[in-house]
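Just below is one structure, and these are the notes that go with it.
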Amino acid sequence: MADNNKNPHECPDTGHEWDGIRELTNPPPRWWTIALYLSGLLVLVYFILYPSLPLVTGNTKGILGWTQIKEYKEDLAKIEEKRAPFEDRIAAMTAEEILEDDELLRYAVGSSKVLYGDNCAACHGVGGYPQPGSGYPILANDDWLYGGTVSKIIETLAKGRQGMMPAHANLLTEEEVDGLVEFVVNSANGEATDAQWKLYNEKGCVACHGADAKGIQQLGSANLADKVWRFSGEPDEIRHTILHGVNDANDPLTRVAVMPAWNERLAVRLEAEEFGDDPEDYYDGTETERLSENEIKKLAIYVHQLGGGE
Ligand code: HEC
Ligand code: HEC
Numbered sequence: 023m024a025d026n027n028k029n030p031h032e033c034p035d036t037g038h039e040w041d042g043i044r045e046l047t048n049p050p051p052r053w054w055t056i057a058l059y060l061s062g063l064l065v066l067v068y069f070i071l072y073p074s075l076p077l078v079t080g081n082t083k084g085i086l087g088w089t090q091i092k093e094y095k096e097d098l099a100k101i102e103e104k105r106a107p108f109e110d111r112i113a114a115m116t117a118e119e120i121l122e123d124d125e126l127l128r129y130a131v132g133s134s135k136v137l138y139g140d141n142c143a144a145c146h147g148v149g150g151y152p153q154p155g156s157g158y159p160i161l162a163n164d165d166w167l168y169g170g171t172v173s174k175i176i177e178t179l180a181k182g183r184q185g186m187m188p189a190h191a192n193l194l195t196e197e198e199v200d201g202l203v204e205f206v207v208n209s210a211n212g213e214a215t216d217a218q219w220k221l222y223n224e225k226g227c228v229a230c231h232g233a234d235a236k237g238i239q240q241l242g243s244a245n246l247a248d249k250v251w252r253f254s255g256e257p258d259e260i261r262h263t264i265l266h267g268v269n270d271a272n273d274p275l276t277r278v279a280v281m282p283a284w285n286e287r288l289a290v291r292l293e294a295e296e297f298g299d300d301p302e303d304y305y306d307g308t309e310t311e312r313l314s315e316n317e318i319k320k321l322a323i324y325v326h327q328l329g330g331g332e
């Protein structure tokens, strides 16, 4: 039979017994006792080195002077030190040059993901695909309102965009509106009739959407000759756009489509440079800079790389 005696040295018991289990008076194992005292010592060491006791205002600081914020700032400084040479090169090069440089391109795209998520994704969606019907343009296709070269994208980001189409409710008869809705639907399929083209030309749509109805990038007017919809391809929605326009301040039912400006100072400088002027003459001191020039450059490259860059 197995030896079930759990008290081979016959250690005296305390007299406590429950259901045949006796409490003995032998000491705990030595290793356990050592560990107990060591852990007490460890507490004391930490207590002295690190912030510990909460006081009425603040807390004891510990002799190392360690704080979480300090550690975070040191880590951040290390990351920035690593990034600095890249950021310097980005600042010194044009976006076109960066597109040709594999290493910098990878850095620009990689470091833009967070920027894009924080500033752009709320409207333009993850990866440049907004919610269908949200009215925000897709950035991942090659259908551009304002142009898909990296320098055009920089201009768009810097100064913001707000395309304008006037409400036509008071300019057209019921029949003309019907005809133009049909024109837009047919044009998307390449099937507009001569009579419909005539109406399109006569009613002035041509001035903004162009002789081929493919849009004019200087105006940011939508391409009406493809199946990519800025707002919607549903006849009722097309009718709404024609009747109430886009960003027409005089029509409360107008469609609203505003791209915020991210660096007005850069926008002003780009404009001055275009005319060969000194930007200092253009600044009026109110220009905002919500994103830095480097951030704009990196984001423009990121958008360009999403798939539709020209
Ligand atoms: C508040 C919503 C909003 C935010 C935030 C926003 N955009 Fe836009 N964006 C728009 C709208 C609306 C348009 C279309 C403007 C128009 O129709 O004139 C637009 C247009 C654009 C265009 C032009 C597309 C074309 O077809 O030419 C680009 C590029 C762009 N946005 C990139 C960005 C980037 C990058 C960010 C982040 C820094 C951003 N947007 C943040 C609303 C937004
Ligand atoms: C003053 C310029 C201007 C005129 C005139 C104009 N449009 Fe527009 N239209 C625009 C702009 C700009 C946009 C795009 C707005 C935006 O994306 O922010 C637009 C957008 C549209 C859209 C939305 C397309 C889509 O993809 O959802 C339709 C449809 C349209 N226009 C039809 C017409 C028709 C039909 C006429 C003639 C009655 C007309 N437009 C006259 C400037 C104009």
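Under our numbering, read the sequence shown as residues 23 to 332, first letter to last. Each residue gets a CB set at the ideal place from its N, CA and C atoms; glycine is no exception.
*Per DSSP, the bridge partner or partners of Pro-257*: Beta-bridge pairing links Pro-257 to no other residue.
_Start-to-end residues for the alpha helix (DSSP H) that takes in Thr-178_ = 172–181
_Trp-251: CB within 7 Å of a non-hydrogen atom of ligand 2_ = yes
*For Asp-35, count neighbouring C-beta atoms within 10 Å of its own C-beta (all shown protein chains included) and say buried if the count is 16 or more, exposed if not.*
Looking at its Cβ environment, which holds fewer than 16 other Cβ atoms inside 10 Å, Asp-35 is exposed.
*Is there a Cβ from chain C that is less than 8 Å from the Cβ of Leu-221?*
In summary, chain C is missing from the structure at hand, where a single protein chain is found.
*Starting from Met-186, follow its DSSP beta bridges and name the residues at the other end.*
None; Met-186 has no bridge partner.
*Other residues of its chain near Met-187: CB distance less than 6 Å, five sequence neighbours each side excluded*: Gly-267, Val-268
_For Asn-285, list the residues DSSP reports as bridge partners._
Glu-311
*What's the C-alpha gap between Leu-126 and Ala-233?*
41 Å
*the segment 166–182 in contact with the segment 207–221 per 3-pair CB rule at 8 Å*: no
*Rounded straight-line distance, which links the Cα of Gln-184 to that of Leu-292*: 18 Å
*May I have the straight-line CA-CA distance separating Asp-123 from Ile-160, to the nearest angstrom?*
26 Å
_Can you give me the C-alpha to C-alpha distance between Met-23 and Asp-41, rounded to a whole angstrom?_
Note on Met-23: pLDDT 49, under 50, position unreliable in the model; the coordinate value appears next. Distance between the alpha carbons of Met-23 and Asp-41 is about 22 Å.
*Keeping to the same chain, check which residues put their C-beta closer than 8 Å to that of Lys-225; ignore five residues upstream and five downstream.*
His-190, Leu-193, Leu-194, Glu-198, Leu-202
*Using alpha carbons as the reference points, say which of Tyr-324, Cys-145, Pro-257 lies closest to Pro-282.*
Cys-145
*Euclidean distance between Cα positions of Ser-254 and Gly-132*: 33 Å
*Can you give me the start and stop residues for the alpha helix (DSSP H) that His-326 sits inside?*
Unbroken run through His-326: none, as it is neither H nor E.
*Would the C-beta of Tyr-151 count as close to ligand 1, meaning under 7 Å from any of its heavy atoms?*
Because no heavy atom of ligand 1 lies under 7 Å away, the Cβ of Tyr-151 does not count as near it: no.
*Identify the residues that DSSP records as bridge partners of Glu-317: which are they?*
None; Glu-317 has no bridge partner.
*Rounded to the nearest angstrom, how far is the Cβ of Gly-149 from that of Leu-328, given a contact under 8 Å?*
7 Å
*asked:* In this structure, how does DSSP classify Asp-270 when only helix, strand and coil are distinguished?
replied: In the three-state DSSP reduction, Asp-270 falls in the coil class, being neither helix nor strand.
_I need the straight-line Cα distance from Gly-87 to Val-67, nearest angstrom please._
14 Å
*Where Leu-86 falls: helix, strand or coil (DSSP)*: coil
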